[in-house]
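Mapping to full-length UniProt numbering: the sequence shown position 34 is 34, numbers consecutive.
Input: a single structure, listed below in C-alpha coordinates.
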Amino acid sequence: MSNSRRKFSAEQKVLILREQLENQIPVSTICQRYH
(Lines of atoms letter the chains of each structure in order from A; the text may use other names.)
(Lines give C-alpha, C1' and ligand atoms only; values in the text may rest on other atoms or scores of the structure.)
Protein backbone atom coordinates (compact mmCIF):
# COMPACT_ATOMS: atom_id res chain seq x y z
CA MET A 1 0.00 0.00 0.00
CA SER A 2 1.45 3.37 -0.98
CA ASN A 3 1.59 6.33 1.33
CA SER A 4 -0.88 8.87 -0.04
CA ARG A 5 -0.60 11.40 2.77
CA ARG A 6 -0.18 14.97 1.53
CA LYS A 7 2.60 17.13 2.89
CA PHE A 8 2.10 20.88 3.02
CA SER A 9 4.84 23.47 3.38
CA ALA A 10 4.71 26.02 6.18
CA GLU A 11 3.61 28.69 3.69
CA GLN A 12 0.77 26.51 2.43
CA LYS A 13 -0.40 25.83 5.99
CA VAL A 14 -0.49 29.55 6.77
CA LEU A 15 -2.50 30.28 3.63
CA ILE A 16 -5.00 27.52 4.42
CA LEU A 17 -5.42 28.66 8.04
CA ARG A 18 -5.75 32.30 7.00
CA GLU A 19 -8.46 31.35 4.50
CA GLN A 20 -10.37 29.52 7.21
CA LEU A 21 -10.07 32.33 9.76
CA GLU A 22 -10.86 35.23 7.43
CA ASN A 23 -13.82 33.60 5.70
CA GLN A 24 -15.18 31.64 8.69
CA ILE A 25 -15.25 28.48 6.58
CA PRO A 26 -15.96 25.29 8.56
CA VAL A 27 -12.87 23.17 9.12
CA SER A 28 -14.62 20.19 7.52
CA THR A 29 -14.98 22.19 4.29
CA ILE A 30 -11.30 23.12 4.34
CA CYS A 31 -10.38 19.45 4.88
CA GLN A 32 -12.48 18.32 1.93
CA ARG A 33 -11.05 21.03 -0.30
CA TYR A 34 -7.41 20.16 0.37
CA HIS A 35 -7.70 16.38 0.73
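Glycine is no exception: its CB is placed at the ideal position from the N, C-alpha and C atoms.
Nonlocal neighbours in the same chain, by C-beta distance under 8 Å from residue i, ignoring five residues either side
i: residue 25; result: 19
Residue i, enclosing alpha helix (DSSP H) - first and last residue
i: residue 6; result: No alpha helix (DSSP H) holds residue 6; DSSP gives it neither H nor E.
i: residue 16; result: 10-23
Cβ shell of residue i (< 7 Å), same chain only, five flanking positions each side left out
i: residue 34; result: 16
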